[in-house]
Amino acid sequence: MNASEQWIAFKTIVIKEFLRFIRIWKQTLLPPMITTSLYFIIFGNLIGGRIGQMEGYRYVDFIAPGLILMTVITQSYSNTVTSFFLAKFQRHIEELMVSPTPDYIIIFGYAGGGIIRGIIVGLAVTIVSMFFTRFSVHNLTVLISTAILTATLFALAGIINGVYAKTFDDISIIPTFILTPLTYLGGIFYSISLLPEFWQGISLANPILYMINAFRYSFIGITDISLWASYGIILVSIIVMYGYATYLVKTGHGIRS
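Counting in this note's numbering, the sequence shown runs from 967 upward without gaps.
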């Protein structure tokens, strides 16, 4: 395939993925907005009012960036894992596998759909957050780059989970037992400076901690982690996930029967 044909293939997959989730917007857009509103009401206003401040900022302002990024993470991940598994389950992924479409176009196409969903739902949740926080942006470049890179990472992770999943139940194992605990322990609701030294060290092994801190910096200008370290961890993680996803698709692991 030449460059023009590859672009058409990529665009087609992305448009298909976009239309797939936007058609069911009541299931993909509304639930995250409602859930985030409850987080703000319960943690931000009710509990936050008793906590007072965190790192010199109102508690609700401190947790807002993490809640937004948590939505980006879960939505980009769930889009690709569900879509790729359904493509495998319904066996139309085989049409792509036997076509001249390069493996990286297939991966980029599915990941692109996940990124778009993560960003769109993230924007919707950001609008919701304006009703609860003093919304401000400290560094727009860091905000946009962190959101896109994080969505890319978890969209790729979703593809990997989709490849390995054999039943519908399998697509919920990673989010339930790995993704959710790492997200909640990633510093959304607290600064790791509050933890004992031992647990601070343990927390540094959590990649989501770096993403949330970089995203929080883009809003209120504070971070527990070096910004360069955060970008380094995110980029290395993306490279690893992309390499592994490419290997799985190229070898047809869990796809070809």
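In this text, a Cβ means the ideal position worked out from N, Cα and C, and glycines have one as well. Being a predicted model, the structure only gives us computed values, none of them experimental.
| Check | Outcome |
| --- | --- |
| Proximal residues to Y1176 (C-beta, below 7 angstroms), its chain only, five neighbours per side dropped | I1191, A1195, S1196, I1199, I1200 |
| Buried versus exposed call for G1187 [16 or more other C-beta atoms within 10 Å across all chains shown] | exposed |
| Validate contact between the segment 1083 to 1103 and the segment 1024 to 1042 using beta carbons, cut 8 angstroms, 3 pairs | yes |
| Pair within 7 angstroms by beta-carbon distance, T1046 and G1075 | no |
| Burial state of K1054, where buried means 16 or more other Cβ atoms lie within 10 Å | buried |
| Test: W1194 CB closer than 7 angstroms to a CB of chain B | Of the protein chains in this structure there is only one, and it is not chain B. |
| Alpha-carbon spacing of I1205 relative to A1123, whole angstroms | 11 angstroms |
| For M1020: DSSP bridge partner residues | Y1023 |
| C-beta atoms of A1224 and T1099 nearer than 7 angstroms | No information on residue 1224 is available, as it lies outside the stretch 967 to 1223 that the chain covers here. |
| Start-end ranges of the alpha helix (DSSP H) lying completely within the segment 1097 to 1172, minimum 4 residues | 1106 to 1130, 1146 to 1150, 1163 to 1169 |
| Neighbourhood of A1131 by C-beta distance below 6 angstroms, restricted to the same chain and skipping five residues each side | F1051, I1137 |
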